[in-house]
Amino acid sequence: MTNIYDLPKDELISWLEKRNIKSFKAVQIYEWLYIHRVKSFDEMTNLKKELIEELKKNFRIGDIEIKVKEECDTALKYLFELEDKNRIEAVVMKHDYGISVCVSSQIGCNMGCAFCESGRLKKIRDLNPSEIVLQLLKIEEDAHIKISSVVIMGIGEPFDNYDNIIKFLKIINDPKGLAIGARHITVSTSGLVPKIKEFSNFPLQINLAISLHAPNDEIRNKIMKINKVYSIDTLIEAIKEYIAKTNRRVTIEYVMLEGVNDSRECAYELVKLLKGMNVYVNLIPYNETSHFEFKKSSTKRKDEFFEILNKNGITVTVRREFGSGISAACGQLRAQGGANE
Ligand code: SAH
Ligand code: SF4
29 MTNIYDLPKD
39 ELISWLEKRN
49 IKSFKAVQIY
59 EWLYIHRVKS
69 FDEMTNLKKE
79 LIEELKKNFR
89 IGDIEIKVKE
99 ECDTALKYLF
109 ELEDKNRIEA
119 VVMKHDYGIS
129 VCVSSQIGCN
139 MGCAFCESGR
149 LKKIRDLNPS
159 EIVLQLLKIE
169 EDAHIKISSV
179 VIMGIGEPFD
189 NYDNIIKFLK
199 IINDPKGLAI
209 GARHITVSTS
219 GLVPKIKEFS
229 NFPLQINLAI
239 SLHAPNDEIR
249 NKIMKINKVY
259 SIDTLIEAIK
269 EYIAKTNRRV
279 TIEYVMLEGV
289 NDSRECAYEL
299 VKLLKGMNVY
309 VNLIPYNETS
319 HFEFKKSSTK
329 RKDEFFEILN
339 KNGITVTVRR
349 EFGSGISAAC
359 GQLRAQGGAN
369 E
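Now the structure itself:
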């Protein structure tokens with residue numbers, strides 16, 4: 029039976045209309061689910077009995093379970109168990125300006141990036157919209173917080189689960205859903221070019237981040253298999269088209285791997301590649317894991333890299349490190365055995 033959290037409001041409206049029920053009932057149902065957070069249809073007291081019965085016949089109010097929770101002063105990490113016993117995770121980050129949550133989009137990831145825990149575990153399946161929405165609902169309920177921004181940067185490649193991600197975005201952006209502003213939502217992709225093109229037609233002003241991680245094909249081929257399908261030129265072309273169409277600035281993610289992509293030459297090459305584009309570069313300190321040889325770049329390397337970009341007119345920031353002590357990098361909690369405990 030369909031989990032009701034899978035439905036964007038427009039789908040709920042068409043479900044109602046097919047039964048000759050007025051579309052504003054969808055707003056009421058949404059309020060019960062996302063504002064009052066009821067756990068059963070019987071609690072939806074302003075709906076007619078017949079509608080409640082019809083809802084019960086067609087939908088269930090699904091759930092996910094919190095299995096492990098790790099906490100440090102700046103971050104909080106959850107490992108969830110889904111109804112089919114698979115496990116995924118989400119990280120809560122506390123900023124001065126609010127609380128952001130990093131959600132997973134798939135169970136495992138098929139992209140197989142050489143440095144990433146999530147890619148080490150092959151994809152088992154895509155997450156349904158409800159399973160991504162529920163990560164947020166459970167966190168708000170458990171931690172007694174209101175989430176102000178969301179990044180899809182946990183386990184999985186969101187654009188390899190495109191349709192469900194679009195539904196998820198509609199649900200959390202809906203004013204009667206979680207009401208998270210589009211500008212407070214970021215989707216990160218390893219660079220699935222056809223989906224970047226498709227996403228440029230999506231009407232919400234969601235932020236797009238691209239995991240570039242290398243300034244040329246030679247290096248990118250070594251660390252990201254996807255580059256053999258969509259080379260850097262193809263990817264940059266797609267980003268340019270996206271910017272031209274949406275007028276939005278794109279984030280370029282660049283994880284700093286010692287001796288791999290952090291040389292002065294790499295920095296200059298990156299400047300050349302991105303010059304004149306409406307992008308900003310986010311340098312990511314690598315979160316080392318026991319499964320890979322990769323090391324994080326030294327502070328000196330990182331600072332030098334930063335300065336080269338900065339002096340050459342590329343807007344650049346360094347990502348704050350969140351909870352590295354609590355295995356906060358994508359996939360780490362799950363990879364430590366939490367997945368099959
Ligand atoms: N699959 C998407 C989103 C999830 S990964 C993507 O690749 O963009 C989110 C970001 O974390 C990506 O930029 C990814 O390259 C990066 N990442 C993966 N493992 C990491 C690690 N151990 N330390 C730091 N960043 C990592
Ligand atoms: Fe998948 Fe992203 Fe990890 Fe690559 S970096 S394996 S695309 S989750």
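To convert, count from 1 in the sequence shown and add 28; that's our numbering.
For glycine and all other residues, C-beta sits at the position ideal for the given N, C-alpha and C.
Since the model is a prediction, treat every value here as computed from it, not as a measurement.
Asked	Found
Closer than 7 Å by C-beta to residue 159: which residues in its own chain qualify, once you throw out the five before and the five after it? Chain order, please.	92 and 110
Taking 7 Å as the limit between beta carbons, can you name the residues of its chain near residue 233, skipping five residues before and five after?	210, 211 and 276
Under three-state DSSP, which class holds residue 123?	strand
Within 10 angstroms of its Cβ, does residue 157 collect 16 or more other Cβ (buried), or is it exposed?	buried
Run through DSSP, which three-state label would residue 129 get?	strand
DSSP on residue 364, reduced to helix/strand/coil?	Residue placement at residue 364 is poorly supported in this model, since its pLDDT is 49, which falls under 50; the coordinates still yield a value, given next. In the structure shown, residue 364 sits in coil (DSSP, three-state: anything other than H, G, I, E or B).
Considering only residues of the same chain and omitting the five flanking positions on each side of residue 36, which have a CB-CB separation below 6 Å?	195, 198 and 199
List in chain order the residues whose CB is within less than 5 Å of at least one heavy atom of the ligand SF4.	137, 139, 141, 144, 146, 147, 185 and 218
Tell me which same chain residues have a C-beta within less than 6 Å of the C-beta of residue 363, skipping the five on either side of it?	Unreliable positioning characterises residue 363 in this predicted model, as indicated by a pLDDT of 49, which lies under 50. The coordinate reading is nonetheless provided below. Once the five neighbours on either side are set aside, the close Cβ partners of residue 363 are 145.
Excluding the 5 residues flanking residue 26 on each side, which residues of the same chain have their C-beta closer than 6 Å to its C-beta?	With the chain covering only 29 through 369, there is no way to say anything about residue 26.
How would you label residue 237, buried or exposed, when you count the other beta carbons within 10 angstroms and need 16 or more for buried?	buried
Would you say the beta carbon of residue 234 comes nearer than 7 Å to a heavy atom of the ligand SAH?	no
Just the C-alpha distance for residue 255 and residue 262, rounded to the nearest angstrom, thanks.	9 Å
In three-state terms, what does DSSP make of residue 345?	strand
I need the DSSP call for residue 313, collapsed to helix, strand or coil.	strand
May I ask whether a heavy atom of the ligand SAH can be found less than 7 Å away from the beta carbon of residue 315?	yes
Give a yes or no on whether the C-beta atoms belonging to residue 164 and residue 215 are separated by under 8 Å.	no
I'd like the ranges of any alpha helix (DSSP H) spanning at least 4 consecutive residues and lying wholly in the stretch 66 to 141.	77 to 86
Along the chain, where does the alpha helix (DSSP H) containing residue 228 start, and where does it finish?	No alpha helix (DSSP H) contains residue 228, which DSSP labels as neither H nor E.
Under three-state DSSP, which class holds residue 180?	strand
Please classify residue 33 as buried or exposed, where buried requires at least 16 neighbouring CB atoms within 10 angstroms.	buried
Helix, strand or coil for residue 340? Go by DSSP, reduced to three states.	coil
So, using beta-carbon positions, are residue 187 and residue 151 closer together than 8 Å?	no
With a 10 Å radius around its C-beta and 16 neighbouring C-beta atoms as the bar for buried, classify residue 201 as buried or exposed.	buried
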